[in-house]
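Report on one structure; see the data block that follows.
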Ligand SMILES: Cc1ncc(COP(=O)(O)O)c(C=O)c1O
């Protein structure tokens, strides 16, 4: 099937949940995707942060192929070789004690929310005063299930599905005073993305994270850091919270963990983990042999090739080049980022939409989030030469729009 026939069939057969761009990718190598006509696209989005090692990485491919030949799935009724190996690695890099494996970010988040409720119940049974409410942040995105979407801020994602979980209090992002005012022993957890992704690439401030940690410690509530987008190397450290020197009680990961094979995980302290007993939570596919083999390979490759240092270095170069561009481009409001999680906020939503589309037409893949923010989540193997291609293209496009605007303005003045 070609692009046109796939588009026609999907329009008829699939639920109308995605607005896909009209491109059909059939293969990929390194940081490039290739479409049905053989054209190459520089991918600065990596499947929304998942294809961390790019495409066709030999060691990852080998690990997946080897596992495919051995065993794809057995269920959580039995042991297999991958889960303990993966959990060993995840606990070592995170500083947390225990791991729950699942299949997606939303599922990991759902597990974290349930753990917070179960943990609070355990504390209540031990005579402590702690409630069942959650604190979440404005502009947060935690996923789409009924639980996850209850803690996701955007009205568009929430309102059609009301009534949601009623006990979620939203606090303005990075507003320490508001957090202190809102928090009480009615809350079982403070929920936050260490770096907000869909909300427009906003790192939480050290003051806010410190206050959240202190407040949770004061009542026994859990501090839960969603690192589904910012974790597993994306910011140049294994976890974004490691930039702050603050350990959450729980963190959730997904996107890059298995390099494009669907997987999620919730990691937590021993104390939090003890709230779950057999039967309280589970999933059929979670932590299956294929996903575990892929995740082990991803973590081992990142470690072996010192990829965290590379992400930090090339990310700093990228941000630096964008900030230099911002000085000469009034359309850029702000450049934000950590490692290879980068947002360029423009002053105008229409312009941001046009630039994202025009970059795509120039075979550079990015996306727009939060209306005005150009989002870059490239594969970790990105090199400086790719950054140069992207920033030069962005610079050209912004200049083109700037001169068009000036022409319109000049025309207006002449005719006025
Ligand atoms: C911070 C964050 N949390 C949760 C999710 C949901 O993850 P998934 O789409 O894998 O269910 C996402 C997805 O974009 C995310 O960025």
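In this note's numbering, the protein residues as written are 128 to 543. Just so it is clear, CB atoms sit at the ideal spot from N, CA and C, and this is done for glycine as well.
| field | Sub-8 angstroms separation of residue 360 and residue 423 beta-carbons | value | Here the question's residue 360 lines up with position 233 in the chain shown. Here the question's residue 423 lines up with position 296 in the chain shown. Cβ atoms of residue 360 and residue 423: not closer than 8 angstroms.
| residue 450 lies in the alpha helix (DSSP H); which residues open and close that run? | Here residue 450 corresponds to residue number 323 of the chain shown, with the count starting at 1. Element bounds for residue 450: 434-455.
| query | Exposed or buried, residue 512, counting other C-beta atoms within 10 Å across all chains shown (16 or more means buried)? | reply | The count along the chain shown starts at 1 and reaches residue 512 at position 385. Classification for residue 512: exposed.
| task | May I have the straight-line CA-CA distance separating residue 306 from residue 298, to the nearest angstrom? | result | Translated into the one-based positions of the chain shown, residue 306 becomes position 179. Translated into the one-based positions of the chain shown, residue 298 becomes position 171. Taking the straight line from one Cα to the other gives about 6 angstroms.
| message | Below 8 angstroms, how does it come out for the region 203-215 and the region 339-351: are there three or more Cβ pairs, yes or no? | response | no
| said: Are the CB atoms of residue 403 and residue 228 within a distance shorter than 8 angstroms? | reply: Position 101 of the chain shown holds residue 228. Position 276 of the chain shown holds residue 403. Result no, Cβ atoms of residue 228 and residue 403 do not sit closer than 8 angstroms.
| query | Identify the residues that DSSP records as bridge partners of residue 357: which are they? | reply | As a working note, residue 357 is residue 230 in the chain shown. The partner list for residue 357 (beta bridge, DSSP) is empty, contrary to what the question assumes.
| For residue 470 versus residue 328, is the C-beta distance shorter than 8 angstroms? | For this step, residue 470 is matched to residue 343 along the chain shown. For this step, residue 328 is matched to residue 201 along the chain shown. Against a cut-off of 8 angstroms, the Cβ pair of residue 328 and residue 470 comes out as a contact.
| query | Tell me which same chain residues have a C-beta within less than 8 angstroms of the C-beta of residue 309, skipping the five on either side of it? | reply | Looking up residue 309 in the chain shown gives position 182. Answer for residue 309: 262, 296 and 298, listed in chain order.
| How many angstroms separate the CA atom of residue 517 from the CA atom of residue 455? | For the purposes of this step, residue 517 is taken as residue 390 along the chain shown, with counting starting at 1. For the purposes of this step, residue 455 is taken as residue 328 along the chain shown, with counting starting at 1. Looking at the two C-alpha atoms, the distance is approximately 16 angstroms.
| request: Would you kindly check if the distance between the Cβ of residue 209 and the Cβ of residue 419 is under 8 angstroms? | output: To locate residue 419, count along the chain shown from 1; it is residue 292. To locate residue 209, count along the chain shown from 1; it is residue 82. Cβ distance < 8 angstroms, so residue 419 and residue 209 count as in contact.
| Does ligand 1 have a heavy atom nearer than 7 angstroms to the CB of residue 236? | Counting from 1 along the chain shown, the entry for residue 236 is found at position 109. Checking the Cβ of residue 236 against ligand 1 gives yes.
| How many angstroms separate the CA atom of residue 474 from the CA atom of residue 237? | Sequence index remark: in the chain shown, residue 474 carries index 347 (1-based). Sequence index remark: in the chain shown, residue 237 carries index 110 (1-based). Those two C-alpha atoms are separated by around 35 angstroms.
| Taking one C-beta from the region 169-180 and one from the region 376-387 each time, how about it: are there three or more such pairs within less than 8 angstroms? | yes
| Any non-hydrogen atom of ligand 1 closer than 7 angstroms to residue 189 Cβ | By 1-based counting over the chain shown, the position of residue 189 is 62. No.
| For ligand 1, is there a heavy atom less than 7 angstroms away from the beta-carbon of residue 353? | Position 226 of the chain shown, counted from the start, is the residue given in the question as residue 353. Yes - ligand 1 has a heavy atom lying nearer than 7 angstroms to the Cβ of residue 353.
| message | For the structure I just gave you, are there three or more beta carbon pairs, one from the region 483-503 and one from the region 158-172, closer than 8 angstroms? | response | yes
| message | Report the start-end ranges of each beta strand (DSSP E) in the region 138-175 that is 3 residues or longer and not cut off at the edges. | response | 152-156, 159-162 and 167-170
| task | Rank 408, 353 and 343 by C-alpha distance to the C-alpha of residue 275 and give the top, closest one. | result | For the purposes of this step, residue 275 is identified with residue 148 of the chain shown, where counting begins at 1. That would be 353, whose Cα lies nearest to the Cα of residue 275.
| field | Length of the line joining the Cα atoms of residue 529 and residue 293 | value | Here the question's residue 529 lines up with position 402 in the chain shown. Here the question's residue 293 lines up with position 166 in the chain shown. Rounded to the nearest angstrom, the two C-alpha atoms are 46 angstroms apart.
| query | On the premise that residue 223 lies in contact with residue 378, defined as a C-beta separation below 8 angstroms, what is that separation, rounded to the nearest angstrom? | reply | As a position in the chain shown, residue 378 is number 251, starting the count at 1. As a position in the chain shown, residue 223 is number 96, starting the count at 1. Confirmed, about 7 angstroms.
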